[in-house]
Structure formats: C-alpha cells, structure tokens
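Beneath this line is the structure, given in structure tokens, with notes to follow.
There are 2 protein chains.
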Amino acid sequence: MSEINSFFQAKNVAVVGVSKDKQKIGSIVFNNFLNKKFKGKVFPVNPKYEKVFNKKCFSSVKEIPEKIDLVIVAVKNVIVPAIVKDCVEKKVKAIIVLSAGFSETGKKELEQKILTELKKSNGKTRLIGPNCLGVYSSESFIDSLFLPKNRLQRPSKGNIAFISQSGALGSAVLDWTALKNYGLSSFVSYGNALDVDESDLLEYFYHDKETKVITMYIEGVKKGRKFFQTLKKVNKKKPVIILKGGASNAGNQATLSHTGSLAGSSQVFDAVIKQCNAVKAETLQELFDFARTLSINPKPKGRKTQIITNGGGYGVLTTDCVENSGLKFAKLSRQTLKKIRSFSRDHAVLKNPIDLTGDADNEMFEKTLTYCLEDKNVDLIVLILLFQVPTINEQLIPRIAGIIKHYNKPVVSVSVGGAFSEKQRKKLEEKGILTFDNSPEAVKSLKALVEYYKK
Amino acid sequence: MSEINSFFQAKNVAVVGVSKDKQKIGSIVFNNFLNKKFKGKVFPVNPKYEKVFNKKCFSSVKEIPEKIDLVIVAVKNVIVPAIVKDCVEKKVKAIIVLSAGFSETGKKELEQKILTELKKSNGKTRLIGPNCLGVYSSESFIDSLFLPKNRLQRPSKGNIAFISQSGALGSAVLDWTALKNYGLSSFVSYGNALDVDESDLLEYFYHDKETKVITMYIEGVKKGRKFFQTLKKVNKKKPVIILKGGASNAGNQATLSHTGSLAGSSQVFDAVIKQCNAVKAETLQELFDFARTLSINPKPKGRKTQIITNGGGYGVLTTDCVENSGLKFAKLSRQTLKKIRSFSRDHAVLKNPIDLTGDADNEMFEKTLTYCLEDKNVDLIVLILLFQVPTINEQLIPRIAGIIKHYNKPVVSVSVGGAFSEKQRKKLEEKGILTFDNSPEAVKSLKALVEYYKK
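Top to bottom, those sequences are chains A and B.
According to our numbering, the first sequence is numbered sequentially starting from 1.
According to our numbering, the second sequence is numbered sequentially starting from 456.
Next comes the structure, spelled out in structure tokens:
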C-alpha cells in the first residue's frame, strides 16, 4: 500500500489522544472505528490510561505490537511534533493531525518542528493537516471526523470524491450530501496542507477505482505549478469540478483570515481551470449538480437539446434556460414528428419544447422519449415530468430508465412538486436518472457536461 | 361583497358538471367543498342526476333556490356559453370556467359567445378562465383545483398571494410551496383571461387583508397600459414579484404555443417592472425567496451588510455573494468590536465576516448578534449557523428570534446540513427567521429587499 493510499485504506489505525470522556475529539474518532463497518483494527493511545472503552490503551504509538498504517492525532498542539517523531520511527505511512493552533493562529514554528520530524522519513510517512477534519471513506469506513454522528450524518456510498480546504464548510456540506442522498466515495478536509496538499489528493483520486468525479472547495493554492500540472492530467481522465472561495476582492481578503491563503487574483485561478478544461462551479449546489451529472451521464455528441414536458409553463421557462445557457435547440426530423403526431393528443404542441399537455399518459411519454432519443438531431434531453396529473404514474419510471440506458444519450429530468412528486423524484434517482426540482439547475448541469467534453 | 371578492370569499357555491364518477373534474371540485373547512354551502348541478354524492343535484344554476355567489364550470366547451347565460340571469357574481378548448385551441368564436352573454350583466358577473385551474384560498377554502389532493397538496395559510397564467406550472408550484411550507393566502390560475385578467387580480390583492406580498408568473399581458398602471399602484403598497416566462427569444416563441400570448420583447416587460419598482425574479425559487423575505423583514435603512458565522469557509463564500450582489459591507464601530472581543474566543476573527469559529457557543452568537444589531453602521445581517458542532444547540433559536424582533432590522439566516440542521432550519422558520440552506439565495433575497425599498 502506498503512503497516500493508507489515508483511505489503512487496515491498522491508531488514535492518539483517546480519553475516558466520550465527548473529547480523540474519543469520538476512536468510537467511529468501533462500529462493525470498519474491517481493520484500531488502537487507542494515551499514556494516562491502561484501558479505555474496554480496550487496552497504549502509552505511545511505538508501543503497539503491530504494524500501523494510519495514526490519527488529537492532542494539544505542542505535543504533536513528538507524536510525529514516534510515528516516523514506527514507520507509520500516514498521519492525520486534527489538532488546531498552528500557522492559522500564527504558530508557524510549531509546524516547522512537525516538518523537521516528518522529513526524517524521506517521504515514507505522509501527513494530512494540521487543523483539519481529515478523511471519511464510504468504502473502508476510515472516519476521522470528530463531529458526532447525530450532528453530522455520513453520506452514502457513491463515486464522487469531495476535497475541502475548509473543515467547517466541508463538514456542513458532507452532512448536506447525506440528506440529499448524493453518494460520495471519499471526503478529505486537508487543513493547513503542511505536507499532503490538494494536488496530492487529486493524484490519489486519479487512481482511486471508487471515484469517477472529483469535487473541490479551494480558497488558495500554495504550489501553483504543481496544482496546474496535476489538475490538467487528472481532469483528462476524471472530471474535476472546483468551487473557489474568495473569488471576489472582499472574499479574497476574508480567506486571509480563514485558511491564510491568498491565491492571487481569481482571474488567475479561473485561467488555470479554463486551461485545464476543468469545470467551474459558482455555488455549492452547482458543485454537486455538475458532479452528479458528470458521474451519471455519457459523453454527449453535441449541444442540441430537446425539451419534453406535460406542462406548457415549465416548457417555456426551460426554453429560457436553454437559450440563456448557450446550449442549442434540437430540430426534430419530419419522420420523428410524424411518429409522435400519430399517438399524441390533437392539442399537443410538437415543437421544441414538445408539450404533450396535462392529459398525456405514460405511453405517450415513453414513445416520445424513444423517438427523440432515436433522432440524430438530438444530443441532449430535458424531460419534465409533472406528477400533479393522475394520467402519469410511477410505472413510467422503470420504463423510461430502460429507454435512457438503451440509447446512451444524456437525459436529465425535472420534477417539481410536493410529497408525491418528491417520492417519484427519489425513484427516478434510484433508477439512475438525474432529477432536479427546477429547470435552471438541470440546464446548467447539461451545459457543464457539454463543456467538459467539448475538446 | 364585490364581484371579484366573490371568487375568494363566496358563501354559496355551485359546481356545474358534477357526475357520479369521482374521477371527473366536476366531481373532484365538488368534493373539495365537502370537507369541513369550507364554511359556506355548495350545490351540484347536472341535469342528468337527481342526486350526487348524497346531495340533491340541480338541473341548472337557475333552479337552485338560493342566491349563488360563485359558479365553477366543468363541462364540455360547447355548453359553456349556455351556462354563462344562466349565471348572468341568476345574477351570479363570479364564474370560474375550468373547461379547455377555447382560444388556446383556435376556438375563438366560442369565447366570443361567452363574452356576449357575460356583457349582458353590465359587469355584475365576472369570469375567470376559461382553460384555467381557478382559485385556491387558504382563508375561505374555496378550491376549484381539479387535481386530486394525493397528487397536489394544498399550501398552508400565509400572507403571499400567487397569480399564475399557466395552470400546470401553477399547480406544480402550489404543490411545491406546500412541501416547503411556504404559506400562501391565495392562488389563482387565470388561464385565457377572457374577462378577469392579471391586473384585476392585482387590484383584488391590493385590498386583500390576508395578503402582504404578491407573486406572479406571467407569459404575456394583453392590456399593457392597464397592467402598468395597476402594477405601479399596487406595488407601492404591497411588493409585487414577477417571474416572466418567455424572457428569451426562443422562450417567447414557446409562449405562443402555450398561452397564446406574445408579450413583445422582454426588454419592454423589464422596463415596466423597473418603472413600477416591482421586483423581478429569474427563477421560481427566487420568486418565493424574495416574497418570503419581503413578507417577513422590515424596511432596511441601507445596504450595509454584516456577516456572522461559526464556519470560516461559509463566511468566505457569503462574502463573495455580498460583493457580487452589489450590497455593501458594514464596518462595525470600534465600540462594537471591543464589546465582541470581550467575550469571544482568542482565535475568533472580528472583521466582516465575523468568524466566531467552530467552538462558539449560544451565548457568543446571541451577544454578537445583539451588538451588531445595535451598531448603526449595520443595516442588514446574514447569520450563518452551522449546527454540526455541538457547542450550539436549539435553545439558541428562540433567543435570537427575540433579539431580531427587538431591533427591527432585516436578518436572514443560513443553515446548511443534514437531518439535524434541517430540524433547526424548520424551528428558525417557525420563529419567523427566514432561513436558507445556502448563502447565494440568502444574499440575493436581501438584495431584493433593499431594491424594493430603495426609492
């Protein structure tokens, strides 16, 4: 196992700073590993105790009689260099330092001490942090998040990795992805990036089989050249979507007080994203909308978009979105139109949008979707399903999922409404159809998909 | 009771086109009135039956032995003119024609016939529709929505009116407002606007005591001058927020096939909104975000915004939003800063944003909010509460609600996260604190508030 892999796949883990108090950071982290999901072994370290939580407690990492892959450190800042020294001597591959009180509060010399110890390993020991939340893996269940599970839900398994420079933002977003059921492969909050930085993590996810798409919240990058080269390489294989905090002048000033990173102008950062053809998100919602779209949908042939709806007003609003996004409108062939005319209502409007109107049934939707997907003038589809009308129902969902799979063209759906629609939206997602509760997000996501594959 | 009032406050209602089949439009509407919430009387009309749903059925409106305020019509299009004739002769004040198949499908002459009958009343009988969903009032429980309640939830009581030109869009949005718990006073879908149009409805809500803010989805306006004058007058008293469907060229073309209205260029429409100082929304989410902000928050003194957070990253992102929105940053007085410094953590950052950091507790939030509200350099506050950390809890919510009420300055809060945060978000809303799950929406809403009051 390589050093960076050990952060995500460690078998033997030690937690330094476990105490008898359940509420303490070290104890919360230690208990994260005691659930049945983590398949490896975990060792508590604290010289004060013989036993904690019914487990033998070790006075130091070096005292543990087995090989240790990962050490998670939750002790007072001044003690951290000594712990790191122990870890290097023990040939531990990976260290996560959760403790705060380093360069972010002006204590740079303390970070230098850590670095001095770490260098003795000649790169055989790597370190994430300090001042971070560390790692959550939905595959191995390595979990250094020191916020209790009743406050911070863990996300379900998925193929999106999330890298966050900010711990608090990362944890709030992680919690939110759990609520929204956006599956993640891994989450990393890397804090002060004393050793492992955003580029190293990108490189890890480049190889990680569980990850298809990478999302990042970044305020600033210290090693610009390294980041540029890594991003360029990684983004060619897997889409990287980036939300830059501090993109405005005032925001940039605020990052100084936060992560201490001044990235230079956001124009430079934008240029880097553009040159690498990575995907830029303007909001956290976009970060995950774009990631989900890119993780589910195939490569589009072009940008010609067909809208299919059973509600005229939503068709109109979606048309506005498509025009404003810079996507193009598909023009169905005469043959396709003739086929759809043969079964649709007399008052259905067969243009773009196709408005099957409020009395359209399951079969009309299925056939219309099929003929539109067959038409070579169509590259992308926005499928608007308003479930307020009883003429369509949930039996439609597996059928259209089958159709979409068969034709291998990008389709996003929009379903707006209350409790019943919410249920259908979940079913659509379960069947692998990306579903939004409003059109602007759906269309922006298709645009991001097209932009990523345009080269 | 005036004619237009009768649409929303009728005591005696007749439904024409009730049948023995529960699924039929007339039957669904009739049954809407049979619940205990509607305080008036309802009469079914259908010449085919003696009795429907255990009630005496009348062969015509004229046969009903009582005065009728409102007649809801759900019969075949060709029969509608005769029904309207009956209503005029019966001196009915208000008619809602749900039936479709008129000018929207090219049958203009059928609409003319209705109009001819209606004119005989000399304005004493008014008509909403045809081709509409009609009215829902959360005060009187008048409910002509012919979509079943298991598909279309009804919203809770509130002070926002929603006027929609599109029926399907209106119903989906209504359903969605119920899910989101955005309270509404009334909803109207006015369809082809043969008689009562958007301006008449604006005028009604101008006087309506239940309504504080008016939202509109409009594709096009027939009587431009009337609309301009009414909007100007109404918006001075109550904020009117408008989402224009078909704002793009392609969208404008799509409205032609939908509501048949070509509003001319959206530039003209934008100019009307601007001249009236009404509020423009770009999305349905904005339509209701802005409405809720304007219905809850007091008039701001200016645009100087203070951000308070316990998560640095969210502070940074919110700073970006404030700068991009055109709001200004508040600069706290020395005195205020000194007060906050006296109780906050050493590592707290007391600038704008104020980052109380992840270990801030309830009291620190309460005091900081109080001192910021007291500071005359602060006009608006964005309060970011990340509930992932156990140092703050729900006891904070009533306390800050009390503080906000006392100082009478606009405050919006942002709370991002999973199940626990979702619960707190609901509690915040229950206490009258507008709460968003992301910063961009919160800041845009404050901007809309400032813009409305700027004159």
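Each residue gets a CB set at the ideal place from its N, CA and C atoms; glycine is no exception.
On a predicted model such as this, the values are computed, not experimentally measured, just so you know.
query                                                                                                                                                                                   : result
Between which two residues does the beta strand (DSSP E) holding Q567(B) run?                                                                                                           : Unbroken run through Q567(B) is the alpha helix (DSSP H), 563–574; no beta strand (DSSP E).
Going along the chain, which residues of its own chain have a beta-carbon closer than 6 Å to the beta-carbon of F205(A), five neighbours each way excluded?                             : A161, T211, I214
Run through DSSP, which three-state label would F745(B) get?                                                                                                                            : helix
At which residues does the alpha helix (DSSP H) containing R680(B) begin and terminate?                                                                                                 : 679–692
Examine the Cβ distances between the region 359–367 of chain A and the region 293–301 of chain A and report whether three or more of them are shorter than 8 Å.                         : no
Just confirm the distance between the C-beta atoms of E429(A) and T435(A), as a whole number of angstroms; I'd bet it's less than 8 Å.                                                  : 5 Å
Consider the Cβ of Y591(B): report whether some Cβ of chain A lies at a distance smaller than 9 Å.                                                                                      : no
Flag this pair as yes or no: are the beta carbons of L169(A) and G245(A) separated by less than 9 Å?                                                                                    : yes
In this structure, does DSSP put Y591(B) in helix, strand or coil?                                                                                                                      : strand
Do we get a CB-CB distance below 9 Å when we pair T370(A) with the residues of chain B?                                                                                                 : no
Just tell me which of A193(A), P44(A), Y136(A) has its CA closest to the CA of E111(A).                                                                                                 : A193(A)
According to the Cβ coordinates, are I538(B) and V528(B) closer than 9 Å?                                                                                                               : yes
Can you tell me which of T357(A), A360(A), K339(A), G358(A) puts its alpha carbon nearest to the alpha carbon of D375(A)?                                                               : K339(A)
Using a threshold of 9 Å, state whether the C-beta atoms of D463(B) and D663(B) are closer than that.                                                                                   : Note on identity: in this sequence residue 463(B) is Phe, with Asp being the wrong assignment. Yes, the pair counts as a contact, with Cβ atoms nearer than the cut-off.
Please work out which residues of its chain come closer than 6 Å, Cβ to Cβ, to F53(A), disregarding the five sequence neighbours upstream and downstream, and give them in chain order. : none
Between which two residues does the alpha helix (DSSP H) holding P499(B) run?                                                                                                           : Where P499(B) is concerned, there is no enclosing alpha helix (DSSP H), although the beta strand (DSSP E) it sits in stretches over 496–500.
Can you find a CB in chain A that lies within less than 9 Å of the CB of K563(B)?                                                                                                       : no
For the region 159–188 of chain A, list every residue whose C-beta sits within 9 Å of some C-beta in chain B, in sequence order.                                                        : S164, Q165, S166, G167, A168, L169, G170, S171, A172, V173, L174, D175, W176, T177, A178, L179, K180
Return yes when the Cβ of F513(B) is within less than 9 Å of the Cβ of V497(B), no when it is not.                                                                                      : no
With 9 Å set as the bound, which would you pick, yes or no: does the beta-carbon of Q684(B) sit closer than that to a beta-carbon of chain A?                                           : no
On the three-state DSSP scale, how would you describe T305(A)?                                                                                                                          : strand
Which whole-angstrom value describes the C-beta separation of I28(A) and F146(A), a residue pair presumed to lie in contact below a C-beta threshold of 8 Å?                            : 5 Å
Under a CB-based cut-off of 9 Å, is S712(B) close to chain A?                                                                                                                           : yes
Measuring only the C-alpha atoms, how far is G183(A) from P536(B)?                                                                                                                      : 57 Å
Report all residues from its chain with a CB closer than 8 Å to the CB of K864(B); omit the five preceding and five following residues, and keep chain order.                           : P753, P755, K756, L828, V833, D834, L835, I836
Rounded to the nearest angstrom, how far is the Cβ of L287(A) from that of L243(A), given a contact under 8 Å?                                                                          : 5 Å
Using the C-alpha atoms, what's the distance from Y371(A) back to H406(A)?                                                                                                              : 12 Å
Just to confirm the assignment, what range does the beta strand (DSSP E) spanning R399(A) have?                                                                                         : Not the beta strand (DSSP E): R399(A) falls in the alpha helix (DSSP H), residues 396–407.
Identify whether A442(A) lies in helix, strand or coil by the three-state DSSP scheme.                                                                                                  : helix
Check the DSSP bridge columns for S413(A) and list the partner residues they point to.                                                                                                  : L383(A), T435(A)
Using a C-beta cutoff of 9 Å, does L883(B) count as contacting chain A?                                                                                                                 : no
Could you check if C587(B) belongs to the surroundings of the ligand FMN, using beta carbon to heavy atom distance under 8 Å?                                                           : No copy of the ligand FMN occurs in the structure displayed, which carries no ligand at all.
Determine whether the Cβ of S876(B) lies closer than 9 Å to any Cβ atom of chain A.                                                                                                     : yes
Below 9 Å between beta carbons is the criterion; list the residues of the region 802–831 of chain B that meet it against any residue of chain A, in chain order.                        : H802, V804, K806, N807, P808, D810, T812, G813
Anything in the region 750–769 of chain B with a Cβ closer than 9 Å to a Cβ of chain A? List those residues in chain order, please.                                                     : I762, T764, N765, G766, G767, G768, Y769
Spell out whether any CB of chain B is found under 9 Å from the CB atom of Q23(A).                                                                                                      : yes
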